[in-house]
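Participant: Following this note's numbering, the numbering of the sequence shown begins with 2 at its first residue and continues without gaps.
Beta carbons: idealized from backbone N, C-alpha and C, even for Gly.
Below you'll find the structure I mean.
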Amino acid sequence: MAHTHSWRTTVAKPAGVRPLHWTLVLGYVLVVAGGAKGVSLFGSGMMMGVALVGAWLMFTLGMAYAAVRLRPAVGGALLLGFGIGALLVVVLAGMQLAL
2 MAHTHSWRTT VAKPAGVRPL HWTLVLGYVL VVAGGAKGVS LFGSGMMMGV
52 ALVGAWLMFT LGMAYAAVRL RPAVGGALLL GFGIGALLVV VLAGMQLAL
């Protein structure tokens, strides 16, 4: 009885971390941080600016999450960009440079 199956298997690429699109990461950092600076200028009172920045951050996080669900390859880059941008907003707002 002869085997018809070839015992040679093809070696697939390792399932490691895919390279992030660094231009997409940096672009989304600018969108998050620049948008937070832009919406903070629209706030008339002190707490209104904080609320608008929080709403902007929630919106951009929602957009990054939607990208993860639709296109996982670029979604990771957007989530990393959001994290860096949000950290930048927090640091610069704490030092009162951005807000």
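Among the residues of its own chain, which have a CB less than 7 Å from the CB of F83, if the five just before and after it don't count?
Facilitator: Only Y29, V33, T61, L62 and A65 meet the Cβ criterion.
Participant: For L88 and L71, I'd like the C-alpha separation in whole angstroms.
Facilitator: Taking the straight line from one Cα to the other gives about 25 Å.
Participant: Along the chain, where does the alpha helix (DSSP H) that runs through G39 open and close?
Facilitator: Here the alpha helix (DSSP H) through G39 covers W23 to L42.
Participant: L81 to V26, Cα distance in whole Å?
Facilitator: Each residue's alpha carbon lies about 6 Å from the other.
Participant: What's the C-alpha gap between V40 and A94?
Facilitator: The alpha-carbon atoms of V40 and A94 are separated by roughly 13 Å.
Participant: Can you say whether A78 is buried or exposed, counting buried as having 16 or more other CB atoms within 10 angstroms of its CB?
Facilitator: The residue is buried, with at least 16 neighbouring Cβ atoms inside 10 Å.
Participant: So, helix, strand or coil for R70, using DSSP?
Facilitator: If DSSP states are grouped into helix, strand and coil, R70 belongs with the helices.
Participant: Please name the residue in L53, L58 and A68 whose C-alpha comes closest to that of L31.
Facilitator: Of the candidates L53, L58 and A68, the one whose C-alpha sits nearest the C-alpha of L31 is L58.
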